[in-house]
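Since the structure comes first, as structure tokens, the remarks are kept for the end.
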DNA sequence: GTCCAACCCATTC
DNA sequence: GTCAGACCAATTCGG
DNA sequence: CCGAATTGGTCTGACGAATGGGTTGGAC
């Protein structure tokens, strides 16, 4: 249920619905945490509301984790230094783990077979026949719910490949061919249920121990590399290892934390002319920025594409290059759309920014000629690759 | 009637 | 994925 | 001491990149 009205943003989502139902059927919001918990381990709004209406709070309390029914995934928060994370988690020993650039899988294993759920709890079992086999062979538990990151790999070197490669596996047709062309590996990072026992209320340390006892380490399967420490410097070092191994960064976990389905926990990912386009950008602007931009650009508006601009996209309004703004992005990807560096890395491919965002800084001290050049972007792209290659050796 | 490119929409991150 | 804004609860500040 | 102001946490919906698949409409 959604509505957007002019300048006002309104939203009615599932949680609001749960609130309303708690009020309607119980007369108060008191049962809300129980209802929320039930919803998060059995995310079917119709089912929850019906149970509440027919059986009341008792029925809600009787809802259990069930293999075959997806659980809303626990999510991660973001901080930008190891020190801040350690402080936030209470200055104690934590588990720092590689954060891989793949797709999150919630794996349900039972007698009848294995089911795979995506992050949004879609059934994607048919996409990964190879994963089903890996789970059948290498998970030493008849019934279990596990979470893993599935990553595309280079079969010869074992090296991890970018997310883009994995995306070829998300298809309805030609699954068998894609499976051969884009082989994958599994990095397990959580265990929510095993042999009919619900582990979601166990501290992470225990879940991880059980995970390690259940997942067999092979070329294609393993518990995700983890380090236990309370020292920010060790985490920084581990972070560098992770990046060097082609990961996005780290996820740092509270060893005492339970699995809070559907909630946000803690994590961390550290980072870091012609005028060909390299990205569109629509994130990072405050309302104030958006109000002021038309005024700043008014004098540079152009009815047609300015001759010194190279773009495959057609915007609503063109501007002659004038204003320089500062943007950051998580990395540079090969692009079928943006012409920056076209053909320099790969035939018919340019380069684009991944997760571009405005930093809030308008660089009045710079002219378009002073902005980052294509050469520099190509160099940045090559630097990214080197880091990955170094590990593969 | 058949085929294919262009478009839009879904999902992942 | 990132991010800004809205909203609510808890905490701190100022009269 | 109490009400006002600030802060922190959570939720929601804007927006970015990519790929695959369904639909549509024009060329033949």
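In the numbering used here, the protein residues as written are 508 to 900. Note that CB positions come from ideal geometry on N, CA and C, so glycine has one too.
Can you give me the C-alpha to C-alpha distance between residue 533 and residue 563, rounded to a whole angstrom?
As a working mapping, residue 533 is identified with position 26 in the first chain. As a working mapping, residue 563 is identified with position 56 in the first chain. When rounded, the distance between both Cα atoms is 8 Å.
Here's the rule I'm using: 16 or more other beta-carbon atoms within 10 Å means buried, otherwise exposed. How should residue 730 be labelled?
For this step, residue 730 is matched to residue 223 along the first chain. Its Cβ being crowded by 16 or more others within 10 Å, residue 730 is buried.
Using alpha carbons as the reference points, say which of 586, 552, 522, 861 lies closest to residue 539.
By 1-based counting over the first chain, the position of residue 539 is 32. When each option's Cα is compared against that of residue 539, the closest is 522.
Completely contained beta strand (DSSP E) runs for the stretch 624-695, where each covers 3 or more residues
651-659
At the level of alpha carbons, what is the spacing between residue 719 and residue 836?
Taking the first chain and counting its residues from 1, one reaches residue 719 at position 212. Taking the first chain and counting its residues from 1, one reaches residue 836 at position 329. Cα to Cα, the separation comes out at about 35 Å.
So what does DSSP say about residue 553, is it helix, strand or coil?
Indexing the first chain from 1 puts residue 553 at position 46. Three-state result, residue 553: helix.
Can you tell me whether residue 857 is helix, strand or coil according to DSSP?
Taking the first residue of the first chain as 1, we reach residue 857 at position 350. In the structure shown, residue 857 sits in a strand (DSSP, three-state: E or B).
Can you name, in chain order, every residue of its own chain whose Cβ lies under 6 Å from the Cβ of residue 665, other than the five neighbours on each side?
Walking along the first chain from the start, residue 665 turns up at place 158. Closer than 6 Å at Cβ, skipping near neighbours: no residue.
Would you tell me roughly how many angstroms separate the C-alpha atoms of residue 695 and residue 602, rounded to the nearest one?
Your numbering for residue 695 matches position 188 in the first chain. Your numbering for residue 602 matches position 95 in the first chain. One C-alpha to the other measures close to 14 Å.
Within a Cβ cutoff of 7 Å, which residues of the same chain sit near residue 824, ignoring the five residues on either side of it in sequence?
Here residue 824 refers to the residue found at position 317 of the first chain. 808, listed in sequence order.
Secondary structure of residue 706, DSSP reduced to three states
If you number the first chain from 1, residue 706 lands on position 199. Three-state result, residue 706: coil.
Please list, in chain order, all residues of the same chain as residue 681 whose beta carbon is under 6 Å from its beta carbon, the five residues on each side excluded.
Position 174 of the first chain holds residue 681. So no residue of the chain qualifies.
Am I right that residue 838 and residue 861 are in contact with their C-beta atoms under 8 Å? What's the rounded C-beta distance?
The sequence position of residue 838 within the first chain is 331, counting from 1. The sequence position of residue 861 within the first chain is 354, counting from 1. At roughly 5 Å, the Cβ-Cβ gap stays under 8 Å, so residue 838 and residue 861 are in contact.
Residue range of the beta strand (DSSP E) that residue 796 falls in?
Start at 1 with the first residue of the first chain, and residue 796 comes out as number 289. Premise fails: residue 796 lies in the alpha helix (DSSP H), 794-804, not in any beta strand (DSSP E).
Do you know whose CA, among 727, 579, 630, lies nearest residue 645's CA?
Position 138 of the first chain, counted from the first residue, corresponds to residue 645. Comparing Cα positions, the closest option is 727.
Can you tell me the Cα-Cα spacing of residue 571 and residue 677, whole angstroms?
Position 64 of the first chain, counted from the start, is the residue given in the question as residue 571. Position 170 of the first chain, counted from the start, is the residue given in the question as residue 677. Their Cα atoms are separated by approximately 31 Å.
Tell me whether residue 795 is buried or exposed, calling it buried when 16 or more other Cβ atoms sit within 10 Å of its Cβ.
Working through the first chain from its first residue, we reach residue 795 at position 288. By the 10 Å Cβ count, residue 795 comes out exposed.
What number of angstroms, rounded off, separates the C-alpha of residue 652 from the C-alpha of residue 700?
Taking the first chain and counting its residues from 1, one reaches residue 652 at position 145. Taking the first chain and counting its residues from 1, one reaches residue 700 at position 193. Cα-Cα distance, rounded: 5 Å.
C-beta contact flag for residue 783 and residue 605 at 8 Å:
As a first step, residue 783 must be located in the first chain, where it is residue number 276. As a first step, residue 605 must be located in the first chain, where it is residue number 98. No, they are not a contact pair.
In three-state DSSP terms, what is residue 560?
Stepping through the first chain from its first residue, residue 560 is reached at position 53. Of the three classes helix, strand and coil, the one that applies to residue 560 here is helix, per DSSP.
Is the Cβ-Cβ distance between residue 763 and residue 843 less than 8 Å?
Position 256 of the first chain, counted from the start, is the residue given in the question as residue 763. Position 336 of the first chain, counted from the start, is the residue given in the question as residue 843. Not closer than 8 Å, so no.
Are residue 829 and residue 875 close, meaning C-beta to C-beta below 8 Å?
Along the first chain, read from residue 1 onward, the residue named residue 829 stands at position 322. Along the first chain, read from residue 1 onward, the residue named residue 875 stands at position 368. Cβ distance < 8 Å, so residue 829 and residue 875 count as in contact.
Terminal residues of the alpha helix (DSSP H) in which residue 522 lies
In the first chain, the residue the question calls residue 522 occupies position 15. Run containing residue 522: 521-533, per the alpha helix (DSSP H) assignment.
Just curious, the beta strand (DSSP E) that residue 839 is in, first and last residue?
Taking the first residue of the first chain as position 1, residue 839 is located at position 332. Per DSSP, residue 839 belongs to the beta strand (DSSP E) from 838-842.
Tell me the residue span of the alpha helix (DSSP H) that contains residue 721.
One-based indexing of the first chain puts residue 721 at position 214. Taken as a continuous stretch (DSSP letters only), the alpha helix (DSSP H) holding residue 721 covers 711-721.
Could you tell me whether the stretch 738-758 touches the stretch 610-630, where touching means 3 or more Cβ pairs closer than 8 Å?
no
Please indicate yes or no: does the CB of residue 746 lie closer than 7 Å to some heavy atom of the ligand PLP?
This structure lacks the ligand PLP; in fact it carries no ligand of any kind.
Counting only the same chain and skipping the five closest in sequence on each side, list residues whose C-beta sits under 8 Å from that of residue 856.
As a working mapping, residue 856 is identified with position 349 in the first chain. So the list reads 841, 842, 843, 849, 850, once near-sequence residues are dropped.
Grouping DSSP H, G and I as helix and E and B as strand, with all else coil, what is residue 817?
Looking up residue 817 in the first chain gives position 310. Residue state, collapsed to three classes: strand.
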